[in-house]
Each structure stands twice: as structure tokens, then as C-alpha cells.
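Asker: Next up is a structure, given as C-alpha cells.
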């Protein structure tokens, strides 16, 4: 009567979706973006290959977005920084939505190392 129950290792696909959502919320509350990148770093090593591309994309989104924010904040003194910050918000939303779309289709991210969308 001893039954061995084997369970497949769950994918961290739900965690990847949470990271995308945290990035979107990070537009208003910046701390959630930091939590998201930490989650991406933690879950990247245990994920299947198709999901690793999403984590790589999320990590790059955080660091490239940080660069855009820094440039935007520096340039706010000459007014153009506000446009850079607006670009960053649109850029982040588009990247997160496109990432969630390919995640929902259970596909690897098409361009995890790209800088734009």
C-alpha cells in the first residue's frame, strides 16, 4: 500500500509572469522592479531553456531601463529628459506586454538580447 507519488518539477512560468507584472507596476512604485529582477536572477538557473530566454530578457530589461532612467533624470535639467523618461515608460510597457504574450504562448522570447522592443 505504499504508493510512490512522483511529481514533475513545476515550471516557473508563473514566476516569470509575476516579474513582468512587477515591472509594469514598477512604473509607479519603483521598488517592485527591483523585486522583479531579483526574482528573475533567482529563478533563471532552475528554469527550462525556453523560460531562461524570458528571464534573460527580464534582467536585460531592468538594466537597460535603469540606464534610460539615469539618462532621463540627468537630462531633465535641459527639459529633454522628460521625453527620455516618457520613452522609458512606453518602452517598458511594450517590452513587458510582448514578453507576456510570448510567455502565454509558451514560446522562447524571440530576441532576449535586444535593446528595443
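In the working numbering, the protein residues as written are 1254 to 1370.
All residues carry an ideal CB built from backbone N, CA and C; glycine is no exception.
All figures in this text were calculated on a predicted structure; none of them were measured in a lab.
Could you tell me the boundaries of the alpha helix (DSSP H) in which residue 1272 lies?
Answerer: From DSSP, the alpha helix (DSSP H) with residue 1272 extends over 1266-1278.
Asker: Suppose the cutoff is 7 Å on Cβ atoms and the five residues either side in sequence are ignored; what does the same chain contact list for residue 1353 look like?
Answerer: Here the set comprises 1270 and 1273.
Asker: Starting from the C-beta of residue 1307, find all residues in its chain whose C-beta is less than 7 Å away, skip the five residues before and the five after it, and write them out in chain order.
Answerer: For residue 1307, where only same-chain residues beyond five positions count, the Cβ hits under 7 Å are 1269, 1352, 1356 and 1362.
Asker: Taking just the CA atoms, how far does residue 1340 sit from residue 1325?
Answerer: Looking at the two C-alpha atoms, the distance is approximately 9 Å.
Asker: Between residue 1359 and residue 1300, what straight-line distance do the alpha-carbon atoms span, to the nearest angstrom?
Answerer: Roughly 13 Å separates the two Cα atoms.
Asker: Could you have a look at residue 1236 and say whether DSSP puts it in helix, strand or coil?
Answerer: A query on residue 1236 cannot be resolved here, the shown segment of the chain reaching from 1254 to 1370 and no further.
Asker: Helix, strand or coil, according to DSSP, for residue 1359 in the structure here?
Answerer: Note: residue 1359 maps to coil in three-state DSSP.
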